[in-house]
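Before any comments, here is the structure.
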Amino acid sequence: MNLRIDAQNLADELSQTQTRIVFAESCTAGLVSATLASVPGISNWLCGSAVVYREETKTQWLSVAASMIAKHSAVSAVVTMELAKRVLAQTSEANLAVAVTGHLGPDAPAELDGTVYIGVLWRGQQVADAAVRAVRLTATDRVQRQQEATSVVLCDATRALQMKS
């Protein structure tokens with residue numbers, strides 16, 4: 001895992017495909033967009049990131065239904081895709097949205113400890129056809145988990161661009 005290389009790879013793909021990206025970040029707390037923003041010239045392609053760490057922020061900022069969070073939990077494929085959908089709807093200049101949620105510990109439910117969900121949604125794509133995947137992180141330290149999750153998000157976004165072109 002090398003965040004600098006992951007960010008540069010994504011920046012290169014964004015430039016080559018002329019794609020603007022927006023993020024909805026929960027467990028990474030803005031680290032994805034901050035890492036990508038370290039690449040010179042990225043302002044041409046990075047629209048921004050909604051850091052929606054708490055459930056109430058998800059509902060207030062991105063209008064994710066509280067009932068959806070109550071039914072599925074904030075750390076679920078359904079809510080992750082809803083975050084991507086909502087942040088893309090609010091960012092008209094973006095072509096691609098990527099959302100991430102997860103349990104990085106401590107106090108995570110045992111079955112979800114270290115699990116993140118990443119959702120990738122293209123403008124015009126039906127949510128039912130969009131990609132969401134769960135990833136079990138290998139790191140055990142909270143900060144290392146945030147970094148690992150950031151790497152996974154950057155790599156998933158890069159892969160989505162490569163598959164689209």
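Counting along the sequence shown from 1, when you hit position 98 you're at 98 in UniProt numbering, and nothing is skipped either side.
Built from N, CA and C at the ideal position, the CB exists for glycine as well.
Could you tell me how far apart the beta carbons of residue i and residue j are, in whole angstroms, since I believe they sit closer than 8 Å?
i: L62; j: L83; result: 6 Å
i: residue 227; j: A149; result: The chain is shown from 1 up to 165; residue 227 falls before or after that span and cannot be answered.
i: T35; j: L154; result: 7 Å
i: K85; j: L137; result: No, K85 and L137 are not in contact; Cβ-Cβ is about 24 Å, not under 8 Å.
i: V64; j: K58; result: 4 Å
i: V51; j: E93; result: That pair is no contact at about 19 Å.
i: D6; j: S151; result: 5 Å
i: T91; j: V22; result: 4 Å
i: C27; j: L112; result: Not quite, the Cβ-Cβ distance comes to about 11 Å (not below 8 Å), so this is no contact.
Taking the C-alpha atoms as reference points, what is the distance between residue i and residue j?
i: R142; j: Q60; result: 26 Å
i: Q107; j: T115; result: The sequence given here has Asp at residue 107, not Gln. In a straight line, the C-alpha of D107 is about 13 Å away from that of T115.
i: S43; j: A37; result: 7 Å
i: L31; j: Q147; result: 8 Å
i: A130; j: M81; result: 8 Å
i: R4; j: A128; result: 32 Å
i: V87; j: S73; result: 19 Å
i: M68; j: R54; result: 14 Å
i: residue 188; j: S165; result: Past the edges of the chain, shown from 1 to 165, lies residue 188, and the structure says nothing about it.
i: M163; j: R123; result: 15 Å
i: A134; j: Q126; result: 20 Å
i: N2; j: P109; result: 29 Å
Quick check on residue i: does DSSP put it in helix, strand or coil?
i: L3; result: helix
i: E13; result: helix
i: A34; result: helix
i: T59; result: helix
i: V132; result: strand
i: V39; result: coil
Over what stretch of residues does the alpha helix (DSSP H) that includes residue i continue unbroken?
i: T150; result: R142 to K164
i: R86; result: A77 to A89
i: I69; result: A66 to H72
In terms of residues, what are the limits of the beta strand (DSSP E) holding residue i?
i: L46; result: L46 to V51
i: E25; result: I21 to E25
i: I118; result: T115 to W122
i: T28; result: From DSSP, T28 is part of no beta strand (DSSP E); its letter is neither H nor E.
i: G105; result: Careful: G105 lies outside any beta strand (DSSP E) and carries neither H nor E.
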